[in-house]
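So the structure is just underneath, and the comments pick up after that.
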Amino acid sequence: MSEMREFYFKDIAKSYGRKPVLRGAAGHFPRGAFVGVLGLNGAGKTTLFNILGNADREFAGEVSLRGGDVAYMRTESAFPAYMRVSELLAFYARFYPFDAEGAKERLAKAGVPVKSRLSALSSGKRRVAEFILNFSTRSPVLLLDEPLTNLDLNARDLVINALIDCSLDSRVVAVATHEISEFENLFTHVTVLKDGVLSKLEYAENIREKGMSVSEYYREMVL
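Here it is as structure tokens:
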């Protein structure tokens, strides 16, 4: 894994036309943290992750890590459907520190043939393939935007179990999601995006010590 430097962002502002979506969002994700970035649909979670994941460069503000330091699984595939999984393996090996053999093993276990075109895969298999490719990078930051979308129970288990393994390394994992219960026991920190800004990064254990679940904390923050 690449040497970990601080992952922070500040003063992130983004508008679509006259509609501001992010209004100076700022945060710091500690090394080894599993961060839940929570918010209502339309709050700007995907917009924020597109910026943090280097998929959107038209914004105001500062992000400390870019490029191969950050692997980003988007809600919508960034790759054309005619590409083969093998070509994606080559792409990731070129642009990221990448565990190619580990990725191939995970793809085989998930039933994703490396010779297949993306167009030949179901939406669920395609999502699993893109999760595995991003997970198999050695990038110190892994961003996942709604990683469980379109996944069946077996595929969800694959994703969750892989993320449990992340607790054994020092990378930052940040998940933007509304499926809070699925990740309840994985979160070490949570922050809520509302009105274009992020709340203070809260230790999940502090929330639990108050007798609240992360889901209950989230509802209290957004209502």
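First residue of the sequence shown: 71, per my numbering; consecutive thereafter.
For glycine and all other residues, C-beta sits at the position ideal for the given N, C-alpha and C.
Query: Relative to the C-alpha of E301, which candidate in L108, T219, R88 has its C-alpha closest?; Result: With the chain running from 71 to 293 in the structure shown, residue 301 is simply not present.
Query: I121 and V105 look like a contact to me (Cβ under 8 Å); what is the Cβ gap, rounded to whole Å?; Result: The pair is not a contact, with the Cβ atoms about 16 Å apart (cut-off 8 Å).
Query: Assign Y288 to one of three DSSP states: helix, strand, or coil.; Result: helix
Query: Using DSSP with H/G/I as helix, E/B as strand and the rest coil, what is R93?; Result: strand
Query: So what's K174 in DSSP terms, helix, strand or just coil?; Result: helix
Query: Helix or strand or just coil, what does DSSP make of A125?; Result: coil
Query: How many angstroms separate the CA atom of K174 from the CA atom of V184?; Result: 8 Å
Query: With DSSP run on the structure shown, which of helix, strand or coil describes S72?; Result: In this prediction, S72 scores a pLDDT of 48, lower than 50, which makes its location untrustworthy; no coordinate-derived value is stated.
Query: Can you list, in chain order, the residues of its chain whose CB lies under 6 Å from that of C236, leaving out five sequence neighbours each side?; Result: V243
Query: Could you spell out the range, first to last residue, of the beta strand (DSSP E) harbouring E157?; Result: E157 -> not in any beta strand (DSSP E); alpha helix (DSSP H) instead, spanning 155 to 165.
Query: Please name the residue or residues paired with V140 in a DSSP beta bridge.; Result: V211
Query: What are the boundary residues of the beta strand (DSSP E) that L110 is part of?; Result: Taken as a continuous stretch (DSSP letters only), L110 belongs to no beta strand (DSSP E), as it is neither H nor E.
Query: Which runs of the alpha helix (DSSP H) spanning at least 4 residues fall entirely within the stretch 233 to 279, listed in chain order?; Result: 250 to 253, 274 to 279
Query: Should N276 go down as buried or exposed, given a rule of 16 or more other Cβ atoms within 10 Å for buried?; Result: exposed
Query: When we look at the beta-carbon of D139 and count the other beta-carbons within 10 Å, is it buried (16 or more) or exposed?; Result: buried
Query: Going by DSSP, which residues form a beta bridge with K13?; Result: Residue coverage of the chain in this structure runs from 71 to 293, which leaves residue 13 outside it and unanswerable.
Query: Work out the CA separation of A160 and G123 for me, nearest whole Å.; Result: 20 Å
Query: Is the beta carbon of A225 closer than 8 Å to that of R187?; Result: no
Query: Within the continuous alpha helix (DSSP H) that includes F201, where are the two ends?; Result: 193 to 205
Query: According to the Cβ coordinates, are R144 and D215 closer than 8 Å?; Result: yes
Query: What's the call for F165, buried or exposed, on a 16-neighbour Cβ count within 10 Å?; Result: exposed
Query: L158: which of G172, A199, L256 sits nearest, CA to CA?; Result: A199
Query: Would you check if the distance between the CB atom of K264 and the CB atom of V292 is smaller than 8 Å?; Result: yes
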